[in-house]
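Start counting the sequence shown at 1; every next residue gets the next number (the UniProt record's numbering). Down below is the structure, laid out as structure tokens.
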Amino acid sequence: MTRTADNRLSSSAAPRPHAVEARARKRAEAEASGITADYIAALVDAFYARIRKDDLLGPIFARRVTDWPHHLDRMNRFWRSVLHNSGEFSGNPMLKHIAIPGLEERHFAHWLELFYATLRDLEPGSAATRLVGERARMIADSLLTGIATHRDGLSGARAGRDLPHV
């Protein structure tokens with residue numbers, strides 16, 4: 001980040017060399033365990049196909065997602081950013097989830113169970129399943145905790161502690 005002439009913060013157009021190197025290293029490590037862009041795309045497609053058929057989560061998504069190809073593309077960019085550190089996702093998932101009334105631990109726990117089942121179906125190796133599953137749990141915990149903290153204040157700060165593990 002640099003300051004412009006009018007003292008606003010501005011990011012440079014090109015990423016810094018150390019950031020490019022770190023992204024390349026993270027992607028190479030993920031790909032070495034089987035987490036390739038093709039695997040991520042297959043995971044996203046299979047997982048959201050499962051979600052759309054699900055009695056608990058399907059209706060929640062159906063009320064909010066009207067353009068599934070766009071949503072799947074966005075989720076691919078999100079998961080590549082998470083798993084490859086690609087930096088291609090921008091957005092605020094927390095605000096999107098806070099805006100959904102009635103989301104509770106049971107929704108996130110069920111989301112994780114469906115996610116883990118999809119991971120096991122597509123498993124390129126146990127290390128990949130463990131890594132992707134841990135990242136999914138971390139995301140679910142963060143979202144649930146953010147929602148609970150927004151709703152209940154600091155008493156919601158550990159809302160995701162009982163979510164299932166892969």
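A virtual CB, placed ideally from N, CA and C, is assigned to each residue, including glycine.
Check	Outcome
Neighbourhood of Ile40 by C-beta, 7 Å cutoff - its chain only, sequence neighbours within 5 removed	Asn76, Trp79, Arg80 and Leu83
Close Cβ partners of Gly160 (< 6 Å) along its chain, the five nearest in sequence each way excluded	Asp141, Leu144 and Thr145
Contact under 8 Å by Cβ, Leu112 with Ala127	no
Under the three-state DSSP convention, the category Asp162 falls into	coil
The region 99-108 contacting the region 35-55, beta-carbon criterion three pairs below 8 Å	no
Endpoints, alpha helix (DSSP H) assigned at Leu57	Looking at the DSSP string, Leu57 is not in any alpha helix (DSSP H), and its letter there is neither H nor E.
Complete runs of the beta strand (DSSP E) confined to the region 51-135 [at least 3 residues]	none
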